[in-house]
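Quick note on my numbering: the sequence shown kicks off at 539 and runs consecutively.
First comes the structure, then the notes that go with it.
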Amino acid sequence: MNAETIDSIIRLNNNFYKKVAQSFSNTRQHPWDGWKRVLTYIEENHVQTILDFACGNGRFLDYLISQNIEPKYTGVDSNEDLLGIAEKHHQRHRFFNRDLLYEELPGREKYDMIVSFGFMHHIPTEEMREQVIAKLFGLLNEKGILILTFWSNPNRRGIISLDKLSGEALRLNSEMGENDFFFGWDNLEGAVRYCHLFNQDEVVSLLNKYRNFELFNADGKTGQDNIYAVIKNI
């Protein structure tokens with residue numbers, strides 16, 4: 539996949555979230571089952587600062603507050619509309635409009651925990667995924683924890699079949715790699731996003747350079763929709 543294709547995919551996804559931001563947020567109000575386990579890492583490691591990368595409408599912070607946990611929280615997202623929803627409900631916390639695929643965070647702050655839920659599957663190519671993981675890992679404090687999710691979608695629900703693709707997605711389809719797919723949204727014309735679906739071996743390969751990590755599955759009706767990776771900076 540060449541640089542032009544990568545840029546086109548990222549632009550396609552950014553346009554998707556601009557188009558569906560409010561309706562997407564409306565369907566993203568409930569916590570994920572896997573977050574219950576994330577809480578144990580927060581409590582056991584006395585986490586005081588959290589960076590939520592691709593925070594969307596801030597529902598992970600909603601969940602933390604519902605559990606009487608309110609660390610020093612920083613949310614980052616490239617979508618202004620979703621970020622605005624988060625800021626409106628959480629005015630005491632910090633939010634930055636940044637695209638960390640291309641931009642850096644302001645300042646030199648590091649964090650006890652960094653989480654990124656529902657984003658890794660939007661990153662095209664293994665090389666770029668490795669770069670994003672390395673960038674986030676580099677923002678951890680000593681003994682900090684990075685928690686990522688990798689969408690596996692074992693039922694393959696929501697994939698747009700080749701005969702239904704059109705426009706930019708159809709043009710880009712020939713450049714897709716294994717387990718790269720396009721998904722629509724609520725039958726809305728032109729609302730198409732790129733996703734990569736992961737298996738456990740692929741996640742392990744991405745993380746092999748890190749000395750201490752563990753995986754678990756959670757979410758969805760079968761508890762298998764996401765592979766969670768917990769990477770410790772020790």
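Built from N, CA and C at the ideal position, the CB exists for glycine as well.
Quick one: what does DSSP say residue i is sitting in, helix, strand or coil?
i	result
L753	strand
I580	helix
A729	coil
R636	coil
K681	strand
Y649	strand
I544	helix
I697	strand
S616	coil
Just the C-alpha distance for residue i and residue j, rounded to the nearest angstrom, thanks.
i	j	result
Q586	S699	45 Å
Y640	Q669	11 Å
D650	T543	35 Å
L703	S743	31 Å
V614	I652	11 Å
I772	N750	7 Å
L577	F721	31 Å
P662	S654	16 Å
D571	D545	33 Å
R646	D701	48 Å
N606	E716	42 Å
S604	I580	14 Å
Who pairs with residue i in a beta bridge, going by DSSP?
i	result
Y611	I588
T687	Y766
H734	D718
With distance defined between alpha-carbon atoms, name the residue in the options nearest to residue i.
i	options	result
A559	F736, D600, G696, W723	W723
V768	L753, F598, G758, T760	L753
Item to check | Segment contact flag, the stretch 680-689 with the stretch 699-718, C-beta cutoff 8 Å, min 3 pairs | outcome: no
Item to check | Stretch pair the stretch 658-674 + the stretch 686-699: three plus CB contacts closer than 8 Å | outcome: yes
Next on the checklist: When you compare the stretch 539-557 with the stretch 617-634, are there three or more beta-carbon pairs, one atom per stretch, that lie closer than 8 Å?
Outcome noted: yes
Checklist entry - Touch check for the stretch 586-606 and the stretch 625-639: three-plus C-beta pairs under 8 Å? => result yes
Next on the checklist: Using 8 Å as the cut-off, can you tell me whether the stretch 599-615 makes contact with the stretch 671-678, which would need three or more C-beta pairs spanning the two stretches below that distance?
Outcome noted: no
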